[in-house]
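The opening position of the sequence shown corresponds to residue 12 in my numbering, with each subsequent residue numbered one higher. Think of the CB as a built atom: it goes at the ideal place given N, C-alpha and C, for glycine as much as any other residue.
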Amino acid sequence: MKNVVITGSTRGIGFYMAREFLSAGCNVTLSGRGEDLAAAAHNELKPFEGKYIYIPCNVREKASLQNLWDASYKQWGSVDIWINNAGQNTPYKFSWETGETYTENVIMTNITGMVYGSQVAAVGMLKQGHGAIYSMEGLGSDNMIQLKTILYGTTKHALRYFMKGLAKELEGTGVIAGRLSPGMMLTDFITKTPDGDPSEVLGDEKFKKVFNIIADKPETVASFFIPRILSNTRNDVLIAWMTNAKAGWRFMTAGFRKGKLI
Ligand SMILES: NC(=O)c1ccc[n+]([C@@H]2O[C@H](COP(=O)([O-])OP(=O)(O)OC[C@H]3O[C@@H](n4cnc5c(N)ncnc54)[C@H](OP(=O)(O)O)[C@@H]3O)[C@@H](O)[C@H]2O)c1
Numbered sequence: 012m013k014n015v016v017i018t019g020s021t022r023g024i025g026f027y028m029a030r031e032f033l034s035a036g037c038n039v040t041l042s043g044r045g046e047d048l049a050a051a052a053h054n055e056l057k058p059f060e061g062k063y064i065y066i067p068c069n070v071r072e073k074a075s076l077q078n079l080w081d082a083s084y085k086q087w088g089s090v091d092i093w094i095n096n097a098g099q100n101t102p103y104k105f106s107w108e109t110g111e112t113y114t115e116n117v118i119m120t121n122i123t124g125m126v127y128g129s130q131v132a133a134v135g136m137l138k139q140g141h142g143a144i145y146s147m148e149g150l151g152s153d154n155m156i157q158l159k160t161i162l163y164g165t166t167k168h169a170l171r172y173f174m175k176g177l178a179k180e181l182e183g184t185g186v187i188a189g190r191l192s193p194g195m196m197l198t199d200f201i202t203k204t205p206d207g208d209p210s211e212v213l214g215d216e217k218f219k220k221v222f223n224i225i226a227d228k229p230e231t232v233a234s235f236f237i238p239r240i241l242s243n244t245r246n247d248v249l250i251a252w253m254t255n256a257k258a259g260w261r262f263m264t265a266g267f268r269k270g271k272l273i
């Protein structure tokens, strides 16, 4: 079974991907900036005791990512799958209104952290002779421009460029690189501001209407991703949950959809 490392897996899609990999029999390293996982998260992973570890890692620091690799390698003997999932949003504001700290956070986490993570994983995987590196796409990866979200979109646009380039650089080495596209999900990322307050979008009826049609729970998206990641051998793959066709179908059948996410 595969040994997996996921950055930013204390909650949201990262956590549910970890749980899904564990259910599939993998060994998993979870990580985030805190000293440990929350008790509730450990509790949810109780059936998998001995199959997972938690290593603190702030993706903004390359040494922290190197430690994540080293500790995982030591624990599991190899790292077969590395996922750059850690991500931050900015407050819902025009780009010029966005403060310096938020601007720096989103770029340092979503671009620098993803690049550092990929560098660390690529070096380790080239040395061990195999492995797969994935990064989590988001709004902007496909060029879509959404007002008051363009700083975040800029980072996810850069992520696609980098990962496609990385896949080319890795061609023929035995190590592959790919991307995961989750669509919209009900996580803290959407419902909270970067400071943990209720997000402005929760008061926006138009946003809520679209979100309830198009979004999903992270558990649902994770259960779609994991079998596809485990069976994938193709370089430069895009594993996408919410395709244009699926989104179109959701809007067409919106009137019949029961239950609301927010
Ligand atoms: N939710 C959506 O609709 C959506 C849509 C498209 C793409 N995405 C992408 O999916 C990924 C996960 O998002 P989510 O929705 O699951 O968000 P989330 O619930 O807010 O989770 C974010 C995760 O990233 C971690 N994190 C944040 N900054 C970090 C840093 N500097 N170093 C290490 N870990 C860090 C957090 O851990 P700690 O706070 O414990 O450090 C947490 O585990 C992100 O890349 C996001 O851009 C989300």
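Annotated three-state conformation of L48 is coil, per DSSP. Around the beta carbon of K167, 16 or more other beta carbons lie within 10 angstroms, which makes this residue buried.
Here Q99 has N116, V117, T120, N121, P205 as same chain residues with Cβ atoms under 7 Å from its own Cβ, once five neighbours each way along the sequence are excluded. When beta bridges are read from the DSSP output, L79 appears opposite no residue. By the Cβ rule, the region 130-144 does not count as touching the region 100-113, because fewer than three pairs are nearer than 8 Å.
Between the alpha carbons of A82 and I66 lies a gap of roughly 8 Å. Taking the C-beta atoms as reference points, L241 is found nearer than 9 Å to C37. Unbroken alpha helix (DSSP H) stretches of 4 residues or longer found wholly inside the region 96-125: 111-118, given in chain order.
DSSP places W93 in the strand class (E or B) of the three-state scheme. Of the residues assessed, E31 falls on the buried side of the cut-off, its CB having 16 or more other CB atoms within 10 angstroms.
Residue side-chain check: R261 keeps its Cβ at 8 Å or more from all non-hydrogen atoms of ligand 1. Beta-bridge partners assigned by DSSP to L249: R190. According to the DSSP assignment, M12 belongs to no beta strand (DSSP E), since it is labelled neither H nor E.
Two segments are said to touch when three or more pairs of C-beta atoms, one from each, lie closer than 8 Å; by this definition the region 193-204 touches the region 226-239.
The alpha carbon of A97 has as its nearest neighbour, out of Y127, G19, G164, the alpha carbon of G19. A distance of 9 Å or more separates the beta carbons of A132 and I187. Taking one beta carbon from each stretch, the region 51-67 and the region 78-92 have 3 or more pairs nearer than 8 Å; the two touch. For I24 against L41, the beta-carbon gap comes to about 13 Å, at or over 8 Å, which does not count as contact.
No heavy atom of ligand 1 is found nearer than 8 Å to the CB of V221. Nearest Cα to T231 within the set L197, E211, V212: L197. Counting only the Cα atoms, D47 lies some 13 Å from L56. Bridge pairing for S42: I66 [DSSP].
Taken through DSSP and simplified to helix, strand or coil, P209 comes out as strand. In this chain, the alpha helix (DSSP H) harbouring I224 covers 216-225.
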